[in-house]
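Chains A and V, in that order, give the protein sequences. Take -4 as the starting number for the first sequence in the numbering used here and just add one per residue. Take 2 as the starting number for the second sequence in the numbering used here and just add one per residue.
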Amino acid sequence: MKRPLRVVVAKPGLDGHDRGAKIIARAFRDAGMEVIYTGIFQTTEMIVRTVVEEDADVLGLSILSGAHLHFAEEICKALREQAAREVLVVMGGILPPPDIPKVKASGVAEVFGPGTPTASIVGFVKRWAEAR
Amino acid sequence: MGKATDLETWRQTTLAASLKKMPLRKPAFSTLSGIPIDDLYTGTSGTDPRVGFPGEYPYTRGVHPTMYRARHWTIRQVSGFGTAENTNERYKYLLAHGETGLSTDFDLPTLLGYDSDHPIAVPEIGKIGVAVDTIDDVRLLMKDIPLDQVSTSYTINASAFVLMGMYEVVAKEQGVPDNLITGTIQNDILKEYTAQNEYIYPPAQAVKLVVDTMEYAAKTMPRYNPVSVSGYHIRDAGSNAIQELAFTLGAGHCYVTEAVKRGLSADFVAPRVSFFWNIQNDFFEEIAKFRAARRLWARMMRDWVGAKDPRSWMMRAHAQNSGASLTAQQPDNNIARTAVQALAGILGGTQSLHTNSKDEAFQIPSEGAIKIAVRTQQILALENRVTDVVDPLAGSYYVEHLTDRLEAEAEALLREILDRGGMVRSIEDGFIQRQIADTSAAFQQALEAKEEYVVGVNVHVDEETDLPFEAFELDPDLAERQIRRTQDVRKSRRQAEVGSSLKEIKQAAINGDNVMPAVVRGIKAQATVGEMCDVLREVYGGFRAPIIF
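Here you go:
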């Protein structure tokens, strides 16, 4: 039997806005995934350590502080270096449209802005897992 | 209940006294058709004492007898980004376009007591607010702003004790006498643990710091509001109006009762406690929320706490429409949402208002967008005549019913919190966070099931297109400039004075004394925000919140 998908939901940096992170953590859990929500105030090192230690398949980053370019680049790079497997990185939050291609270039697979139904985020993750 | 039992008595006492201090904006008011507008409308069968008269206990109809007939609310747009120079420039833009009060957002490192040259700060410098490390930054922030004429609000909480001190020092450097320093600092730490999550110390120690600032400000700046108890963030974190009322009034009650435990009288601190409410989409419920908040707070202060001064009973408020209600999809629609929400705040009787800009679901507002937001308030103030009449919805069966129900439900929830050990206890064990998370999740489910609608998001959806929008761009060199300025200050200041003031702050915290006098000495010696917050970290420790989702 396949093990359930393991998802880490993380809040990088000093941003405290966690309504979205909590909603999406619940949605992943309700979809039968194993969810680890890190809580707020996470550094790149803390997030990558959690992903590695929890052997996670997916990392969901929630950023509403404007620091998305920095964290997308730093976290994706550290994951490529340290994670034993390919980790799907998705991002949500407040991003100016011109920044979306930039975070994707860093390795974020998809950006889900305000108003995205949780079903489409869960669906995106499931399709990726099936295609893997 | 209030002094007046009938309209004529109210006119001769409460209204007459108010008009002497603050005359009406116009000698006479009328509708566009020429029908005269009277100074108050009441029911034909007498006035229900729970509704009462404006400017009188229980203040259901407003804290002022004349409301906007004498003076419009303050147009106060929160702004802050980059360095102090960047934000000062935006202030001047806003004042030039008719803003009447200032309000500042600080960046995350400042909110959390880290200096800009701390490694954790660097990616966040100036991103969602202005970076402040030393008194030099506040001098630049307030440059050319006459602080005896323009009231200023600071949105800061965990490190508010430092920023309040910096504001006081800068106002006094401008020559403003103590009793003319006006303004507000948010400084409502309890909602940080339940909603906004920008906290440093454990809740009980953080509340002690809030009481320090209340005691200090009451003595040194008697017209300054040292706490703005905020439902705004609780609501935007996903709560409903009842929870917003209960958790917010509960926090206000906690600060006042802690001050009383310290030996201060309720009437020494309560008159300067102000409030900050969210305005969400349920038009009539939001109007009723303001009315219920005033009535419940008045009763809490008079009957629960025993405050005698009517100023202690008045729930004075700032309001902002819900950022969470803005959509990234079809952003022009946010202009309409904002206008209707703002009208609810006005009909609710707010003293001050921030209207959101249409582009805030994806960036700090551009100048063009923020101008529309200011103009929205000006249209409501100058064109629609909603300001010419006091509490026009009083006596509406529906609005009075909602006011009663919101008051009763909020009081029941607040009593439940008090019965289970109070606000601090209910934060430490996650009771409040759980309530908010559950309400937020239920609303999200309702949206996804299309039981609730958001136009452009789950109904009347347009094909995705690239929207033409005015980009907001931060100065790319701001982090470097800010770090350099702070490091220059560190080199040039008198180190011995900094060191001794930091020791004094620490000792005051260890002894349980008020830290503010030592903090102000530290500020004058150019100690940094980070240094002063760090010495208290050594005494109080940090806080790890229960993880609830």
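The beta carbon of each residue, even a glycine, is placed where N, CA and C say it ideally should be. As the structure is a computational prediction, the values presented were derived from the model and not from experiment.
Opposing strand residues paired with residue i [DSSP bridges]
i: P37 of chain V; result: V:S31
i: D106 of chain V; result: V:T156
i: V106 of chain A; result: A:M86
i: I58 of chain A; result: A:G88
i: L354 of chain V; result: V:I76, V:A320
i: A447 of chain V; result: Beta-bridge pairing links A447 of chain V to no other residue.
i: P477 of chain V; result: Beta-bridge pairing links P477 of chain V to no other residue.
i: F66 of chain A; result: In DSSP, F66 of chain A forms no bridge with anything.
i: N279 of chain V; result: V:Q321
i: A546 of chain V; result: Partner(s): none; A546 of chain V has no beta bridge.
i: Q77 of chain A; result: Partner(s): none; Q77 of chain A has no beta bridge.
i: A5 of chain A; result: A:L56
Nearest to residue i (by Cα), restricted to the options the options
i: V306 of chain V; options: V:L210, V:V460, V:P272; result: V:P272
i: G102 of chain A; options: A:V117, A:P109, A:I89, A:L74; result: A:L74
i: S397 of chain V; options: V:L448, V:A289, V:V123; result: V:A289
i: I373 of chain V; options: V:Y115, V:L20, V:M165, V:H355; result: V:H355
i: V228 of chain V; options: V:Y155, V:Y60, V:P203; result: V:Y155
i: Q175 of chain V; options: V:T45, V:D189, V:I157, V:L142; result: V:L142
i: R224 of chain V; options: V:A238, V:V257, V:N180, V:A205; result: V:N180
i: V84 of chain A; options: A:R14, A:K99, A:K(-3), A:D94; result: A:K99
i: L475 of chain V; options: V:P518, V:D535, V:N87; result: V:N87
i: T258 of chain V; options: V:R312, V:A438, V:K209; result: V:K209
i: L348 of chain V; options: V:V391, V:Q13, V:T67, V:I371; result: V:V391
i: E539 of chain V; options: V:G114, V:S493, V:D49; result: V:G114
i: Y60 of chain V; options: V:M301, V:P120, V:I190, V:D108; result: V:M301
i: N188 of chain V; options: V:M167, V:A159, V:N198, V:E169; result: V:A159
i: D283 of chain V; options: V:V270, V:T45, V:Q342, V:E100; result: V:Q342
i: S240 of chain V; options: V:R317, V:A450, V:F432, V:K173; result: V:F432
i: F363 of chain V; options: V:I129, V:R12, V:V462; result: V:I129
i: P178 of chain V; options: V:E169, V:I186, V:T185; result: V:E169
i: Y202 of chain V; options: V:I548, V:I549, V:Y541; result: V:Y541
i: T328 of chain V; options: A:E105, A:I89, A:L0, A:V106; result: A:I89
i: E9 of chain V; options: V:R26, V:Y194, V:D40; result: V:D40
i: S441 of chain V; options: A:K6, A:E125, A:D10, A:I19; result: A:I19
i: E49 of chain A; options: A:V82, A:T38, A:M86; result: A:V82
i: R495 of chain V; options: V:E286, V:R296, V:I524; result: V:I524
i: G11 of chain A; options: V:Y58, V:D108, V:F162; result: V:D108
i: Q330 of chain V; options: V:G423, V:V460, V:I437, V:R62; result: V:V460
Interface partners of residue i on chain A, CB under 7 Å
i: I548 of chain V; result: Y32, G34
i: V460 of chain V; result: Under the 7 Å cutoff, chain A gives no residues; its nearest Cβ is about 12 Å from V460 of chain V.
i: K128 of chain V; result: S60, G61, A62
i: E449 of chain V; result: P112, T113, A114
i: G239 of chain V; result: R14
i: L113 of chain V; result: L9
i: E125 of chain V; result: G8, L9, S60, A62
Beta-carbon neighbours of residue i, restricted to chain A and to distances below 9 Å
i: A340 of chain V; result: Ordered by position in chain A, no residue passes the 9 Å Cβ test against A340 of chain V, which lies about 20 Å from the chain.
i: I121 of chain V; result: G8, L9, F36, T38
i: Q281 of chain V; result: What Q281 of chain V touches in chain A: nothing, since even the nearest Cβ is about 14 Å away.
Within chain V, partners of residue i - CB distance below 8 Å
i: L90 of chain A; result: F363
i: P93 of chain A; result: A472
Beta carbon proximity, residue i to chain D, threshold 9 Å
i: F119 of chain A; result: Any reference to chain D falls outside this structure, whose protein chains are A and V.
Chain-ordered chain V contacts of residue i [CB-CB under 9 Å]
i: A20 of chain A; result: F550
i: P109 of chain A; result: A325, L327, T328, A329, Q330, A362, F363, V458
i: K72 of chain A; result: Within 9 Å Cβ-Cβ: nothing; K72 of chain A doesn't reach chain V, min ~14 Å.
i: K(-3) of chain A; result: In chain order: nothing, as chain V lies at least about 25 Å away.
Listed by chain order, chain A residues near residue i by CB distance under 8 Å
i: Q321 of chain V; result: Correct list: empty, because the minimum Cβ distance to chain A is about 15 Å.
i: P477 of chain V; result: None at all; the shortest Cβ gap to chain A is about 11 Å.
i: P50 of chain V; result: Residues of chain A passing the Cβ test: none, with the nearest at roughly 40 Å.
i: V455 of chain V; result: G110
i: L25 of chain V; result: Ordered by position in chain A, no residue passes the 8 Å Cβ test against L25 of chain V, which lies about 43 Å from the chain.
Partner residues on chain V for residue i, Cβ-Cβ distance less than 7 Å
i: K99 of chain A; result: Chain V residues near K99 of chain A: none, gap ~16 Å exceeds 7 Å.
May I have a chain-ordered list of the beta strand (DSSP E) segments no shorter than 3 residues that lie completely inside the stretch 176 to 241 of chain V? 184 to 186, 228 to 231
Below 7 Å between beta carbons is the criterion; list the residues of the stretch 193 to 205 of chain V that meet it against any residue of chain A, in chain order. Q197, N198, E199
What residues in the stretch 421 to 443 of chain V have a beta carbon less than 8 Å from any beta carbon of chain A? The stretch 421 to 443 of chain V vs chain A, Cβ under 8 Å: A438, S441, A442.
At 4 residues or longer, and completely inside the stretch 323 to 397 of chain V: list those alpha helix (DSSP H) runs for me, N to C. Fully enclosed alpha helix (DSSP H) runs of 4 or longer: 334 to 349, 368 to 383.
Segments assigned alpha helix (DSSP H), at least 4 residues, entirely inside the stretch 516 to 541 of chain V: 517 to 525, 530 to 541
Members of the stretch 146 to 166 of chain V that neighbour chain A once the beta carbon cut-off is set at 8 Å: none
Could you name the residues of the stretch 345 to 374 of chain V whose beta carbon sits closer than 7 Å to any beta carbon of chain A, in the order they occur along the chain? A362, F363, Q364
Compile a chain-ordered list of the residues in the stretch 477 to 508 of chain V whose CB is closer than 7 Å to at least one CB of chain A. none
If you measure beta-carbon to beta-carbon, which residues of the stretch 91 to 118 of chain V are closer than 7 Å to chain A? L109, P110, L113
Closer than 9 Å, Cβ to Cβ, to anything on chain A: give me those residues from the stretch 166 to 192 of chain V, in chain order. none
Unbroken stretches of the alpha helix (DSSP H), 4 residues or longer, contained in the stretch 120 to 145 of chain V: 136 to 142
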